[in-house]
Amino acid sequence: MGDVADLDFKNFKESPVDLVVGGPPCQDFSVVRGPSDERKGIDVVRGRLYAQFVRVLIHLQPKVFVFENVPGLKSANRGAAYKAILEDFTELKIRWEEIKRLTGNHYRSTLSSYSIVFSDIVDSAFLGVPQKRKRLIVIGAREDLLRHCSLFDLKQEAERVLFGRGSLLGRYPLTPLEVFEGLPLPELDREYKAIMMEYRDLEKGLPEERIPRWENFKKLTFDVVRDYLALNDIAGNDSREADKAFEEHRAVLKKLGYYNSRVEGKFFLDKSNILPNEKEAVLERLKMIPPGENHSFVKGTRWEVEGKGMSLIYRRLHPLIPSYTVVAYGGGGTWGYHYKRDRGRLTNRERARLQTFPDWFLFSGSTSEIRAQIGEAVPPLLGEKIAEVVKIILTEISGTGK
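For the sequence shown, this note's numbering puts the final residue at 419, and the numbers step up evenly by one.
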C-alpha cells in the first residue's frame with residue numbers, strides 16, 4: 018500500500034494485463050456531501066488524481082479498464098471534468114503530454130487508446146441492491162484489440178447487464194425489510210403491520226402544522242404488498258408480474274445468503290452487529306420521526322435539531338422503500354436509523370446488508386472504520402454485474418485471437 022503517485026513503472030516488465038479498476042477520490046465530486054459550489058472536481062489537485070489512473074493505463078495498457086465514481090462527476094464544472102476524463106481515455110497519445118506534466122514518468126514505446134464500451138450512471142437498485150445508490154461507471158477496451166469486434170454489440174450487452182434489462186428489479190426494487198428479515202415481502206405482512214402500528218399514536222405529539230405531513234400514514238392499508246406497490250409508484254394491478262418479481266427477490270436473498278436468516282440479534286465475529294448505545298434524548302427524538310422521514314419532521318417541536326440542514330440527519334429507513342445512500346462518514350445524526358420505533362442507529366451489519374455484502378464477509382477495524390469500509394464500497398451486486406461485462410469483453414477479444 019502507498020501513494021500511487023510514487024509508483025515508478027520504468028522497472029515494470031511489459032507483461033500482459035487483463036484489467037485495471039480504479040477511480041479518483043470522490044469527495045470533491047459528491048453531491049451528497051455538500052452544495053454544488055463545493056463540487057470542485059478537476060479544478061483542485063486532489064480531484065486531479067484521476068491523472069494517476071490515466072498514467073496506469075498508459076504504462077500497463079490493460080485490455081480492459083473500469084473507472085468508478087460518484088454521479089456528481091458527470092456534472093462537476095458543468096461537465097468539463099467528465100469530458101476531460103473521457104478524452105484522456107480515448108486520446109491517450111494526444112493527452113499524454115498534458116498528463117505527464119502532472120504525474121511525471123515515461124510510457125511504453127507502443128501506446129493504444131481506449132474505446133468506451135460503457136459510460137453512464139448505474140442505479141444499484143435496478144440490480145437488486147435495496148438502496149438508492151447511483152454510481153458513474155466507465156468501461157473501456159483497448160482499441161487495437163477491438164479491430165475485429167463489434168463495438169456496437171459490446172455496448173448493447175453492457176447496457177443490458179448494467180441497466181438490469183430483462184429483470185423486474187428496476188420496477189420492483191428489493192427493500193430493507195426483506196434483507197433484514199430474510200424473506201420476500203408477501204411473507205412479511207405480519208412484521209410490516211407490527212412495525213407501522215407502533216407509530217399510530219404519533220399524531221398526538223405533533224404540533225398542528227406538522228399533522229398534514231402525517232397524512233400519508235392514514236393512506237396506509239397495512240397490507241405489505243399493496244403499500245409496497247403504492248409507495249414505490251408501481252402502477253397497474255398485474256398480480257402475475259408482481260408474483261414473478263417477488264420470486265426474483267427470493268432468488269437475490271438466497272444468492273446473498275440472507276434467505277430465512279434474520280439479521281437482528283445475529284452474532285458476527287467482527288462485532289459488526291452490536292446495537293449502538295444511544296442517548297435517551299436521541300431515542301426520544303427518534304420516536305417522533307416515522308419511517309422515511311428525517312429531522313425536519315420534528316422542526317418546531319421540543320425535539321428539533323438546531324442548525325441542521327442536511328436531509329440525511331436523523332433519517333429513518335422506510336421498510337418498503339429502497340434505503341437512502343449508505344454514507345461512510347459524518348457526525349451525529351448521519352449514521353442511518355432503523356425503521357422500528359424503539360431502534361436507533363443501524364448496526365454496521367445492517368448497513369452491510371443494505372450494500373449486499375454477504376454475511377460470511379467479515380470486516381476489520383473499529384466501528385467507525387468498518388462504517389467507512391461499508392460506505393465507501395461499491396455494492397457487491399453491482400460489482401458482480403461490472404465483472405460480467407468485463408468477462409463479455411475479454412471473451413470477445415480472445416475470440417478474435419488477440
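Backbone N, C-alpha and C define an ideal beta-carbon position, used for all residues, glycine too.
Source: prediction; values computed, not measured.
Report the rounded CA-to-CA distance for residue i versus residue j, giving the unit in angstroms.
i	j	result
Pro88	Pro33	31 Å
Ser313	Tyr341	16 Å
Val155	Ile133	7 Å
Glu301	Arg217	16 Å
Gly14	Arg150	Coverage of the chain is limited to positions 18 through 419, which leaves residue 14 absent and any answer about it impossible.
Val61	Asp105	Low confidence applies here, because Val61 scores a pLDDT of 43, under 50, leaving its location unreliable; read the following figure in that light. So the alpha carbons of these two residues sit roughly 17 Å apart.
Ala369	Lys283	13 Å
Thr364	Ile291	6 Å
Met305	Arg362	15 Å
Pro190	Phe26	45 Å
Leu237	Asn294	32 Å
Gly392	Leu303	22 Å
Phe135	Asp260	32 Å
Glu405	Leu399	10 Å
Val299	Ala101	46 Å
Leu270	Glu195	8 Å
Pro339	Leu186	11 Å
Arg230	Ala268	36 Å
Leu74	Val21	13 Å
Arg63	Pro41	Bear in mind that a pLDDT of 41 at Arg63, under 50, signals an unreliable position, so the number given afterwards is only what the model happens to contain. If you take the alpha carbons of Arg63 and Pro41, they lie about 8 Å apart.
Pro307	Pro336	11 Å
Leu171	Ile409	8 Å
Arg360	Lys110	56 Å
Leu144	Leu179	8 Å
Lys296	Tyr346	20 Å
Thr351	Ala142	21 Å
Pro79	Gln69	15 Å
Ile138	Lys91	9 Å
Arg358	Arg152	31 Å
Ile228	Asp250	23 Å
Over what stretch of residues does the alpha helix (DSSP H) that includes residue i continue unbroken?
i	result
Arg152	It is not in any alpha helix (DSSP H) - Arg152 instead sits in the beta strand (DSSP E) that spans Lys151 to Arg159.
Leu329	Note, Leu329: premise wrong, no alpha helix (DSSP H); not H, not E.
His165	Where His165 is concerned, there is no enclosing alpha helix (DSSP H), given that its DSSP letter is neither H nor E.
Pro397	Pro397 to Gly416
Glu108	Careful: Glu108 lies outside any alpha helix (DSSP H) and carries neither H nor E.
Thr127	It is not in any alpha helix (DSSP H) - Thr127 carries neither H nor E in the DSSP assignment.
Gly392	Thr384 to Glu393
Mark residue i as exposed unless 16 or more other C-beta atoms lie within 10 angstroms of its C-beta, in which case mark it buried.
i	result
Met214	exposed
Pro193	buried
Gly19	exposed
Trp377	exposed
Gly382	exposed
Asp140	buried
Gly183	exposed
Gly353	buried
Asn311	buried
Phe46	Its pLDDT being 47, under 50, Phe46 is placed unreliably in this model, and the value from its coordinates should be taken loosely. The residue is buried, with at least 16 neighbouring Cβ atoms inside 10 Å.
Pro52	Note that Pro52 has pLDDT 48, beneath the 50 cutoff, so the model's placement of it is unreliable and the number below is only indicative. So Pro52 ends up on the exposed side.
Thr9	Lying before the first or after the last residue shown, residue 9 is absent from the chain, which here runs from 18 to 419.
Leu334	buried
Pro147	buried
Arg257	exposed
Ile212	buried
Pro375	exposed
Ser289	buried
Gly181	buried
Arg95	exposed
Glu85	buried
Gly418	Here the model assigns Gly418 a pLDDT of 44, short of 50, so the residue's position is not dependable, and the following value carries that caveat. Exposed: under 16 other Cβ atoms inside 10 Å.
Lys402	buried
Phe232	Residue identity differs from the one stated: residue 232 is Glu in this sequence, not Phe. It counts as exposed.
Leu205	buried
Gly157	buried
Would you kindly report the start and end of the unbroken beta strand (DSSP E) that includes residue i?
i	result
Asp140	Tyr131 to Asp140
Asn365	Asn365 -> not in any beta strand (DSSP E); alpha helix (DSSP H) instead, spanning Asn365 to Leu371.
Glu85	Val81 to Asn86
Leu179	Counting along the chain, Leu179 falls outside any beta strand (DSSP E), though it belongs to the alpha helix (DSSP H) covering Leu168 to Leu179.
Val73	From DSSP, Val73 is part of no beta strand (DSSP E) but of the alpha helix (DSSP H) over Tyr67 to Leu77.
Val38	Leu36 to Gly39
Can we say the segment 221 to 228 touches the segment 150 to 165, given the rule of at least three CB pairs closer than 8 Å?
No, the segment 221 to 228 is not in contact with the segment 150 to 165.
Within 8 Å, do at least three Cβ pairs link the segment 236 to 251 to the segment 168 to 181?
no
Would you check if the segment 199 to 206 and the segment 277 to 294 touch, i.e. whether three or more CB-CB distances between them fall below 8 Å?
yes
With a cut-off of 8 Å, do at least 3 Cβ pairs link the segment 394 to 414 to the segment 308 to 323?
no
Could you tell me which uninterrupted alpha helix (DSSP H) segments, each at least 4 residues in length, are contained entirely in the segment 193 to 242, listed from first to last along the chain?
193 to 198, 206 to 214 and 232 to 235
Only counting runs of 4 or more residues, tell me where the alpha helix (DSSP H) segments fall wholly within the segment 295 to 360, in order along the chain.
297 to 303
Hey, which unbroken runs of the beta strand (DSSP E) at 3 residues or more fall wholly within the segment 250 to 301?
none
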